[in-house]
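Have a look at the structure below before the remarks.
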Amino acid sequence: MKRLIGFVLILPFLVTGCGGNDIEGRNFVSAVGYDTEANSGYEISLCFIEPDGKDMYSAAKADVISPTAAVTDKVLSSGKRQMYFGHLKAVVIGSSAAENGSLDEILIDLSSNNDISMDTVVLCAQNSASGIISTVSNSGDGLYIWDFYKNNKDRLYSTQKLTLAEAVKKLDTQNGIVIPLVDAEDESLIINGGVIFSNNIKTGVFDNNQIQGFIYVLGGGKGHSEVININSEEVPFNIEKNTSSVKFYEQDGVLKADYDISFKVKRLDGFNYPEGASEILAQQIKGKCLAAIEKLQHLNSDSLGIAQRLKRQDNRLYNKFYNEEMFKNMVINLEINVAEK
Amino acid sequence: MNFSCNNKISHNQFAAVIIAAFLGCTAVSAPLGIIETAGGGAYISVFLGGFAASVLFYVLVRLTGKRMDNSYENAAYSSLGKVLGFIVLASVFAYTSVYGGFQLSTTARMVHFTMEKSVSSLFAAILIVFVAFYTALRGRECVGRISEIAAVLMLVFILFIFVLSAPSMDLITLKPTPDEWRGILKGAFMSFSALSVAGYVFIMLPEGENTKNAALSVFAAFLIITVVLSFGTALAVSCFGVEESKRKLWPVIQMMNYTEFPGSLVERQEVLMSGFYVFSSFILTSLSVHISSVMLESIFKRINRVFSVLVSCAALLFFCLCALRKGGFDAVYSIYGFNLAMYGVMILAPVVSVLRRKK
């Protein structure tokens, strides 16, 4: 009996998986880029860290052609080395993939992979994702994009952090999404602006002012700075708080939405603030917000999630007005309130 | 606390066993299907169903506790007769093994996916069963003492996660629309049914005259589980949205992983989350093996403790292996269809026992 128990106790150690790859035998993928190839699926670019490379570890790049967007260690293994996605930090959607409607498939495949964190940052490349991944791997260990957001958490002016979880949620509930834009120039990355998607297809691009307006409308402007120009002199304000609320109503058979966007701002030392600076700031912010909303309405991209809000806030109005072009045709009014701290 | 090594548990330990055993497994399995049925209002379903179960068990324990003939097994035979008593005890044995095996397979899968892919699910399952074998052999007191530690650790950690996550909750997604209420009520019923396994409480009831305290322990424990699970479901739906939550195998656990820890203290925190879940699974497996073995001993009077625990471990492992097979997960998950019937089976003996005494 004792021998039998001893044998049973030893048995599970045969299935421990201790024969698997050690850390030195793996590549740690830190960024992945997607471009679409005509008739051959996806060109997936990987920036990965080799733990036993020179200087303890080094970054390298690999390209794989795959019929699907799913990334698995088996599909993407290079030689004996296993590609490990548990430390993936950034996903870059190439312009080609964005334009032919592959965003949905890419993000859902990534989110269904248990290895990949839902906190992974999603970006859209101005041109090819492969180019961005090359720059990332040449300029260090590939963690730059993640560090950029982490270290500038409250100081992002013309971009916002979009995680995989947020992106997938927006794709599921809205007919539009704005993904932060990334571009490469002289071996360095520029992250600002945003790519607008309508029904899963890239339809336009936000410039810096428009993306700032978009962020303010969503109430995410805390930590940003807004600079106004008075008499050729630049005067900055720090935004300490930004809230946004919306009310829907029907008037003369037209669906209307009143946005109430409030700011608490703080003046900085060492600058001359003329009288009425707050009013000028409010006007400037309103201009940016209106520019963002107009562009989204023009492209019929409900990236603000208005239909979803209306459905939850006023189901009767939603049932009455909902159609493909509801967002495009609705009248949106803005009320901007700026209070100084 | 009770240090007397007399196979008895205190009321606090009783509550701790319920929390530690069911918090982890319900966090994984209960929202499955409920989010699909109730949509954004799944958290309301979980709360309504859990609260109804808490009240039901409070009332039942209050009514039956003092009047049961020393134990659940005795009550089954004395109030239902030999044949019906045998059927009830055999059903509880079978259901406990299937339920425990299913939950064990989920834990084993999670260990495989989150901790290390080259570790097979089978290995994780066998290891947990080994520990459960020892704990069950030691009796309910051992389960109670471990649970006291586990419940406190789990609750503190989960509360910490909730405090961190709450400010970023998307309240708009959570506001139910009028056409979702039907689904919410259906989800509440599912949630209520999913807690049928909590009929274990009759078997684990602390011995003694104070049924009021026992009933309060049950109520408090179920209420804590309900609130935590409801809040966890709300956070998961708020983080991922309804559709993505439906696609995820364990949305509540993955939501906890998504929460950002201050100061970047932990890089891959899902491993930490899984650790707590595995801890809960250890308790549930031990409890399942203990209860199955007690049922076996009451059915077959002559078998000894070691043999009954070994058979219970084997039965649980068998159902776990079935669930780990391709397509087996769905098949074993279908046992949830019997949930409501199990409510009846679990409470039949105590209720009849009370009714007979009143006469």
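So the protein lines, in turn, are chains C and E.
Residues 53 to 393 (this note's numbering) make up the first sequence, in order.
Residues 95 to 453 (this note's numbering) make up the second sequence, in order.
Cβ atoms here follow ideal geometry from the backbone N, Cα and C, with glycine treated the same way.
Classification of residue i by the beta-carbon crowding that lies within 10 angstroms, buried from 16 upward
{"i": "L449 (chain E)", "result": "exposed"}
{"i": "R78 (chain C)", "result": "buried"}
{"i": "E274 (chain E)", "result": "buried"}
{"i": "A202 (chain E)", "result": "buried"}
{"i": "P272 (chain E)", "result": "exposed"}
{"i": "G58 (chain C)", "result": "exposed"}
{"i": "E95 (chain C)", "result": "buried"}
{"i": "H276 (chain C)", "result": "buried"}
{"i": "H350 (chain C)", "result": "exposed"}
{"i": "F254 (chain E)", "result": "exposed"}
{"i": "Y228 (chain E)", "result": "exposed"}
{"i": "L265 (chain E)", "result": "exposed"}
{"i": "S163 (chain C)", "result": "buried"}
{"i": "Y437 (chain E)", "result": "buried"}
{"i": "L175 (chain C)", "result": "buried"}
{"i": "E391 (chain E)", "result": "buried"}
{"i": "L320 (chain C)", "result": "exposed"}
{"i": "Q324 (chain C)", "result": "Reading the sequence as shown, one finds Asn at residue 324 (chain C) and not Gln. N324 (chain C) comes out exposed."}
{"i": "A218 (chain E)", "result": "buried"}
{"i": "G305 (chain C)", "result": "exposed"}
{"i": "E218 (chain C)", "result": "buried"}
Distance between residue j and residue i (C-alpha atoms, nearest Å)
{"i": "N385 (chain C)", "j": "V298 (chain C)", "result": "10 angstroms"}
{"i": "V220 (chain C)", "j": "P232 (chain C)", "result": "14 angstroms"}
{"i": "F316 (chain E)", "j": "L415 (chain E)", "result": "30 angstroms"}
{"i": "I103 (chain E)", "j": "V336 (chain E)", "result": "41 angstroms"}
{"i": "K318 (chain C)", "j": "I243 (chain C)", "result": "26 angstroms"}
{"i": "I282 (chain C)", "j": "K340 (chain C)", "result": "17 angstroms"}
{"i": "T320 (chain E)", "j": "Q178 (chain C)", "result": "48 angstroms"}
{"i": "G138 (chain C)", "j": "S368 (chain E)", "result": "15 angstroms"}
{"i": "S172 (chain E)", "j": "T158 (chain E)", "result": "14 angstroms"}
{"i": "S374 (chain E)", "j": "C119 (chain E)", "result": "7 angstroms"}
{"i": "L223 (chain C)", "j": "S287 (chain E)", "result": "33 angstroms"}
{"i": "F296 (chain E)", "j": "I441 (chain E)", "result": "8 angstroms"}
{"i": "S324 (chain E)", "j": "E239 (chain C)", "result": "48 angstroms"}
{"i": "D396 (chain C)", "j": "L333 (chain C)", "result": "Outside the displayed span of chain C (53 to 393) sits residue 396 (chain C), for which this structure offers no information."}
{"i": "Y311 (chain C)", "j": "I345 (chain C)", "result": "11 angstroms"}
{"i": "G85 (chain C)", "j": "V247 (chain C)", "result": "16 angstroms"}
{"i": "F266 (chain C)", "j": "L216 (chain E)", "result": "50 angstroms"}
{"i": "S447 (chain E)", "j": "A309 (chain E)", "result": "17 angstroms"}
{"i": "L221 (chain E)", "j": "Y137 (chain E)", "result": "34 angstroms"}
{"i": "A330 (chain E)", "j": "A282 (chain E)", "result": "17 angstroms"}
{"i": "I377 (chain E)", "j": "I263 (chain C)", "result": "51 angstroms"}
{"i": "F334 (chain E)", "j": "K395 (chain E)", "result": "52 angstroms"}
{"i": "F145 (chain E)", "j": "A359 (chain C)", "result": "33 angstroms"}
{"i": "I396 (chain C)", "j": "L216 (chain C)", "result": "Absent from the structure is residue 396 (chain C), since the part of chain C shown begins at 53 and ends at 393."}
{"i": "G143 (chain E)", "j": "G135 (chain E)", "result": "13 angstroms"}
{"i": "V445 (chain E)", "j": "L154 (chain E)", "result": "8 angstroms"}
{"i": "G322 (chain C)", "j": "K393 (chain C)", "result": "17 angstroms"}
{"i": "M95 (chain E)", "j": "H105 (chain E)", "result": "Annotation note: pLDDT 46 at M95 (chain E) (below 50); position unreliable, no value reported."}
{"i": "K308 (chain C)", "j": "V269 (chain C)", "result": "16 angstroms"}
CB-CB length for residue i against residue j, believed under 8 angstroms
{"i": "S182 (chain C)", "j": "G146 (chain C)", "result": "7 angstroms"}
{"i": "S330 (chain C)", "j": "I313 (chain C)", "result": "Actually they are not in contact, since the Cβ atoms of S330 (chain C) and I313 (chain C) sit about 14 angstroms apart, beyond 8 angstroms."}
{"i": "S189 (chain C)", "j": "A112 (chain C)", "result": "6 angstroms"}
{"i": "A292 (chain E)", "j": "F116 (chain E)", "result": "7 angstroms"}
{"i": "L140 (chain C)", "j": "S82 (chain C)", "result": "7 angstroms"}
{"i": "A417 (chain E)", "j": "A170 (chain E)", "result": "About 28 angstroms separates the two Cβ atoms, so there is no contact after all."}
{"i": "E285 (chain C)", "j": "Q336 (chain C)", "result": "E285 (chain C) to Q336 (chain C), Cβ: 14 angstroms. No contact."}
Amino acids of chain A, ordered along the chain, whose beta-carbon sits closer than 9 angstroms to that of residue i
{"i": "F207 (chain E)", "result": "No chain A appears in the structure shown, which is made up of the protein chains C and E."}
Item to check | Any 3 or more C-beta pairs closer than 8 angstroms across the segment 222 to 230 of chain C and the segment 348 to 360 of chain C | outcome: Output reads yes: the segment 348 to 360 of chain C touches the segment 222 to 230 of chain C.
Checklist entry - Is it a yes or a no for the segment 282 to 292 of chain C touching the segment 358 to 372 of chain C, going by three-plus beta-carbon pairs under 8 angstroms? => result no
Next on the checklist: List, from N- to C-terminal side, the alpha helix (DSSP H) runs of 4 residues or more that fit wholly inside the segment 253 to 303 of chain E.
Outcome noted: Fully enclosed alpha helix (DSSP H) runs of no fewer than 4 residues occupy 265 to 268, 275 to 288, 294 to 298 of the segment 253 to 303 of chain E, in order along the chain.
Next on the checklist: For the segment 252 to 261 of chain E against the segment 404 to 416 of chain E, do three or more pairs of beta-carbon atoms, one drawn from each stretch, fall closer than 8 angstroms, so that the two count as touching?
Outcome noted: Judged by Cβ distances under 8 angstroms, the segment 252 to 261 of chain E makes no contact with the segment 404 to 416 of chain E, as fewer than three pairs qualify.
Checklist entry - On the three-pair Cβ rule with 8 angstroms, is the segment 392 to 406 of chain E touching the segment 180 to 195 of chain E? => result yes
Checklist entry - Should the segment 233 to 249 of chain E be called in touch with the segment 104 to 123 of chain E, which here means at least 3 C-beta pairs below 8 angstroms? => result yes
Checklist entry - Unbroken beta strand (DSSP E) runs of length 3 or more, entirely within the segment 213 to 277 of chain C: which are they? => result 228 to 237, 240 to 250, 253 to 258
Next on the checklist: Taking 8 angstroms as the cut-off, does the segment 252 to 269 of chain C touch the segment 149 to 160 of chain C (at least 3 CB pairs, one atom from each stretch)?
Outcome noted: yes
Checklist entry - Taking one C-beta from the segment 149 to 159 of chain E and one from the segment 311 to 325 of chain E each time, how about it: are there three or more such pairs within less than 8 angstroms? => result yes
Checklist entry - Would you call the segment 227 to 237 of chain E and the segment 322 to 336 of chain C in contact, with 3 or more CB pairs under 8 angstroms? => result Using a Cβ-Cβ distance cut-off of 8 angstroms, the segment 227 to 237 of chain E and the segment 322 to 336 of chain C are not in contact, since fewer than three pairs of beta carbons, one from each stretch, lie closer than that value.
Item to check | Contiguous alpha helix (DSSP H) assignments of at least 4 residues, all confined to the segment 129 to 188 of chain E | outcome: 136 to 158
Item to check | Unbroken stretches of the beta strand (DSSP E), 3 residues or longer, contained in the segment 276 to 313 of chain C | outcome: 277 to 282, 285 to 303
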